[in-house]
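These notes concern the structure reproduced below.
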Amino acid sequence: TALELNWYEPMTFKFEGVTMTHYFTDNWEKVKNFKAKPDDVVIATYPKAGTTWMSEIVDQLFFGEIRRESSSPSIFDRVPFLEFCEDFQTGNTEQSLLTSPRLIKTHLPVQLVPQSFWEQNCRMIYVARNPKDIMVSYYHFDRMNKIQPDPGAWEEYIDKFNTGQLVFGSWYDHVQGWWEKSRSYSRICYVFFEDMREDPAREISRLCSFLGLSPNETQKKEVLRKTGFEEMKKSMADALSNNDEFDESVSPFMRKGIVGDWKNHFTVAQNEAFNEEYRKKMKESDLKFKMEI
Ligand code: A3P
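Just so you know, the sequence shown maps onto residues 1 to 293 in the UniProt record's numbering.
Set out below in structure tokens:
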């Protein structure tokens, strides 16, 4: 299609010290000056940490089926991507999606988040996922996503990850930056992908208290059911059918959704080398990740 021709593989460059592509910096003035509203809810992640999963959970908690049925089946429309959706930046969001609160997704490292969100004291949910599964997920995503740089060989991909050369920069800086911020800014709920896999009901309850929501048991069960991997894979199929940014024949967006798939990708030597690097880089931090559950 004509649209398809618009997508091309970008170069990466450093933007305020963070590896980026033009797709996320083209409208930086608009992003930087974005006007937050006090009830905005931000979902922030390093790519592949479970952004879409969290988006669907939060959308379901606030709106149930309403927005999916009446506004858009696609979670990418219901929860716009701050640094990517030009329509959203310029306020051209479809009227039916301007339900309050606005749910907004971002992959920005904490220091690049527009000032207005802090000034308005917005609630933010940060989802973190262990680095090994992130790498595997991101590798397959970079293969299938036309607006991401080609991942190259797996062996070198680990180096790129460790040296902050993947888009949105260093995972280490990202997770630690948001973690540190959550100590001084109390309206960040820091959630782990592994905990969501282990006990989604517990994590959803935690989210509800953070968001000031009190769904009854039936509603909670519904949210759990609708946001399970298989269920979402089915519902996303529709939403993604006319998404020409992704080539799902290369690798599906809803790939595996598990903890520990890294074991199928890392050789023993790669794993040992990575563990060593990880220990060094995380030495000062009290942030702990589960590599398996
Ligand atoms: P995998 O590639 O490991 O399967 P993001 O939305 O941040 O891009 O993250 C995508 C990752 O989250 C993918 O991981 C995807 O399968 C997983 N995911 C999406 N929805 C999920 C769900 N409902 N349950 C578990 N994992 C989910």
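Ideal Cβ positions, reconstructed from N, Cα and C, are used throughout, including at glycine.
For residue 52, the enclosing alpha helix (DSSP H) covers residues 51–63. Residue pairing for residue 126: DSSP places it in a beta bridge opposite 44, 190.
Non-local beta-carbon contacts of residue 224 in its own chain, meaning distances under 8 Å to residues more than five positions away in sequence, involve 200, 201, 204 in chain order.
Beta-bridge pairing by DSSP links residue 104 to 42.
The way I'd put it, the stretch 51–66 does touch the stretch 207–218; three or more beta-carbon pairs between them come closer than 8 Å. Taking a cut-off of 8 Å on C-beta distances, the stretch 230–245 does not touch the stretch 259–267, as fewer than three cross pairs fall below it. The stretch 29–36 makes no contact with the stretch 153–171, as fewer than three CB pairs between them are under 8 Å.
Per DSSP, the unbroken beta strand (DSSP E) holding residue 19 starts and ends at 18–20. Between residue 124 and residue 188, the CB-CB gap stays under 7 Å. When the beta-carbon positions are compared, residue 143 and residue 49 stay at least 7 Å from each other. Between the stretch 103–117 and the stretch 172–180, the count of Cβ pairs shorter than 8 Å is three or higher; the stretches touch.
With a beta-carbon spacing of about 5 Å, residue 42 and residue 104 fall inside the 8 Å limit used to define contacts. Taking C-alpha positions only, residue 237 is separated from residue 229 by approximately 12 Å. In the DSSP assignment, the residues bridged to residue 13 are 20. For the 7 Å CB-CB criterion, residue 291 and residue 132 form a contact. At least one heavy atom of the ligand A3P falls within 6 Å of the beta-carbon of residue 48. For residue 293 and residue 90, the gap between their C-alpha atoms comes out near 42 Å. Per DSSP, residue 218 is one residue of the alpha helix (DSSP H) stretching across 217–226. Distances from the CA of residue 118 to each of 141, 270, 182, 92 were compared; the closest alpha carbon is that of 182.
Remark: the C-beta of residue 24 is outside contact range of the ligand A3P, defined as less than 6 Å to any heavy atom.
In the DSSP secondary-structure assignment, residue 145 is bridged to 246. In this structure, residue 147 sits near residue 7, with a CB-CB distance shorter than 7 Å. Cα atoms of residue 289 and residue 259: separation of roughly 11 Å, rounded to the nearest angstrom. Closest in C-alpha terms to residue 80, from the list 55, 69, 240, comes 55.
Closest in alpha carbon position to residue 127, among 197, 136, 24, is 197. In this structure, the CA atom of residue 113 is about 22 Å from the CA atom of residue 99.
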